[in-house]
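Heads up: the structure comes next, in structure tokens.
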Amino acid sequence: MLKGMTTFFAGFAMLIGEASLRQVLWRMLGLLLAVMLALMVGVFFLADYLTALWMPEGDAWYWQVVSAVAWLLAVLMALLSGVVGFTALASAAIAPWLDELATRTERLLGKTSQENSSGWLEQSMSSLANSVRPLFGLLVLGIVALLFFWFPPLAAAIWTYASIRFLNFELFDTQASRAGLNFKDRKVYMKQHFWFWLGFGGTALVLMMVPLLNIFIIPAAVVALAQRG
Numbered sequence: 013m014l015k016g017m018t019t020f021f022a023g024f025a026m027l028i029g030e031a032s033l034r035q036v037l038w039r040m041l042g043l044l045l046a047v048m049l050a051l052m053v054g055v056f057f058l059a060d061y062l063t064a065l066w067m068p069e070g071d072a073w074y075w076q077v078v079s080a081v082a083w084l085l086a087v088l089m090a091l092l093s094g095v096v097g098f099t100a101l102a103s104a105a106i107a108p109w110l111d112e113l114a115t116r117t118e119r120l121l122g123k124t125s126q127e128n129s130s131g132w133l134e135q136s137m138s139s140l141a142n143s144v145r146p147l148f149g150l151l152v153l154g155i156v157a158l159l160f161f162w163f164p165p166l167a168a169a170i171w172t173y174a175s176i177r178f179l180n181f182e183l184f185d186t187q188a189s190r191a192g193l194n195f196k197d198r199k200v201y202m203k204q205h206f207w208f209w210l211g212f213g214g215t216a217l218v219l220m221m222v223p224l225l226n227i228f229i230i231p232a233a234v235v236a237l238a239q240r241g
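Going by the numbering used here, the sequence shown opens with residue 13, and the numbers climb by one from there.
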């Protein structure tokens, strides 16, 4: 897990520290900010709905504690849902820039690297297509989480793991596509390095819950994975 965390932060540092990478970053920030603001509205309404669903009724002293826990879990699950939506939509929208980031990172490290020559629409649609099967896995785990709606801590834990898993597939998409890995190959690779990806995706997930900081996370992850090779 620690290796995944340090790899992510190394990528973040390189993204901010290298002028050639910052040039690409500035181009995509406006679009990332627009997607983030749109999804924040959805997160607000989802948190309100989950709070109403889970908030217990009663006048005993301990209901205040239970209500506070229910509220925190509702906000957490709404934020996780926002992260998932942001990652899928933003990754597709800025796919060509992410490929350029990976190319420049590899060249800075002295590696032979070739930029994707496909058009903007083709790369964006490819990114969306690569999200379908991970999204199906997310929905399956989401249904499992819903089955435990009566026990919010367990539901939140399942949804958190599901979000990390989906997030990792999205963050890995640029590098995996450049390497020609299909979904099965990606799944096997991530399973073989389970603890790395848990630390990497978990770190990204936590930082994505921070407004404004979250728009830097996808580019930072792409740089980090390009560094790792």
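Beta carbons are placed, not taken as given, at the ideal position from N, Cα and C, and that holds for glycine.
Computed from a predicted structure; not experimentally measured.
Environment of leucine 239 [buried if 16+ CB atoms lie within 10 Å]: Before going further, note that residue 239 is glutamine rather than leucine in the sequence given. Looking at its Cβ environment, which holds 16 or more other Cβ atoms inside 10 Å, glutamine 239 is buried.
Taking the alpha-carbon positions, what's the methionine 202 to methionine 26 distance? 23 Å
Just the C-alpha distance for glycine 241 and threonine 186, rounded to the nearest angstrom, thanks. 12 Å
Quick one, are the C-beta atoms of arginine 119 and valine 36 less than 9 Å apart? no
So within the stretch 107-161, which uninterrupted alpha helix (DSSP H) runs reach at least 4 residues, ignoring any that extend past its ends? 107-120 and 132-159
Report all residues from its chain with a CB closer than 7 Å to the CB of alanine 90; omit the five preceding and five following residues, and keep chain order. Val55, Leu58, Ala59 and Leu62
So, is phenylalanine 178 buried or exposed, given that buried needs 16 or more other C-beta atoms within 10 angstroms? buried
The ligand ADP heavy atoms versus the CB of valine 96: any closer than 8 Å? By its list of ligands, the structure shown contains no ligand whatsoever, and the ligand ADP lies outside what it can speak to.
Complete alpha helix (DSSP H) runs within the stretch 177-206 (minimum length 4 residues, chain order): 195-204
Burial state of proline 146, where buried means 16 or more other Cβ atoms lie within 10 Å: buried
Nonlocal neighbours in the same chain, by C-beta distance under 6 Å from threonine 99, ignoring five residues either side: Leu179 and Glu182
Minimum C-alpha distance to leucine 85 - residue among Leu166, Phe21 and Ser32: Leu166
In whole angstroms, give me the CA-to-CA distance for alanine 114 and serine 138. 17 Å
What number of angstroms, rounded off, separates the C-alpha of leucine 88 from the C-alpha of serine 189? 31 Å
Who are the near neighbours of glycine 211 in its chain, counting only those whose CB is closer than 7 Å to its CB and skipping five residues on each side? Met13, Leu14, Lys15, Gly16 and Met17
Going straight from the alpha carbon of leucine 44 to that of serine 130, what length do you get? 21 Å
Mind checking whether methionine 221 and valine 95 have CB atoms under 9 Å apart? yes
As assigned by DSSP and simplified to three states, the class of phenylalanine 228: helix
Minimum C-alpha distance to leucine 153 - residue among Trp132, Leu92 and Ser175: Ser175
Residues in the same chain with beta-carbon distance under 7 Å from alanine 233, minus the five sequence neighbours each way, listed in chain order, please. Phe20, Gly23, Leu183 and Ala216
Looking at methionine 52: is its Cβ nearer than 9 Å to the Cβ of isoleucine 106? no
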